[in-house]
Amino acid sequence: MAKVCCCSSIGNPPGSRKIVEAGGRSIGVYNHDGQFYALRNVCPHQGAELCKGLIKPLVVSKGPDHFEYEREGEIVRCPWHQWEFDMKTGCMIVDPAMRTKTYEVTVETFGVTVEEGQVVVHM
Numbered sequence: 001m002a003k004v005c006c007c008s009s010i011g012n013p014p015g016s017r018k019i020v021e022a023g024g025r026s027i028g029v030y031n032h033d034g035q036f037y038a039l040r041n042v043c044p045h046q047g048a049e050l051c052k053g054l055i056k057p058l059v060v061s062k063g064p065d066h067f068e069y070e071r072e073g074e075i076v077r078c079p080w081h082q083w084e085f086d087m088k089t090g091c092m093i094v095d096p097a098m099r100t101k102t103y104e105v106t107v108e109t110f111g112v113t114v115e116e117g118q119v120v121v122h123m
């Protein structure tokens, strides 16, 4: 697994997103509450730049007219067709069981650490 230094952790406060080129790939680097996550910037549906989409909470419902928001800032929504992905796992929200079986419903994720003030993506 290669390590690629892609951006400074100092310039990426909690709640931020930065799209970088790392290892020949476009990668979205997210700081969620001080923890960094990296997703491949390609929606498996039709190739949109996934990481340019909105960052939203997960909307859950216990019944008609009852909505709650959970996991604030953890869901990445594709800007083209609104497919939603968990930024922590890359799983598609509506079908997480498929995440390891087919690329169509996952977003490639990478391990991320902060080393000497630099965000390092493990590819």
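Counting from 1, position 7 in the sequence shown corresponds to residue 7 in the UniProt record's numbering; the numbering is continuous, with no gaps. For every residue, glycine included, the Cβ atom is placed at its ideal position computed from N, Cα and C.
Original post:
Nearest-angstrom Cα distance between G73 and Y37?
Top reply: 12 Å
Subject >> Neighbourhood of L54 by C-beta, 6 Å cutoff - its chain only, sequence neighbours within 5 removed >> reply: R77
Original post:
What does E21 pair with, by DSSP beta-bridge criteria?
Top reply: Answer by DSSP bridge pairing, in chain order: S26.
**OP:** From the DSSP output, in three-state form, read off T106 for me.
**Re:** Interpretation of T106 is limited by its pLDDT of 35, a score under 50 that renders its predicted location unreliable; the figure taken from the coordinates is listed afterwards. In this structure, T106 counts as strand in the three-state DSSP scheme.
Original post:
Counting along the chain, where does the beta strand (DSSP E) carrying K62 start and finish?
Top reply: I55 to G63
Original post:
So who's on the other strand from V4, going by DSSP bridges?
Top reply: V121
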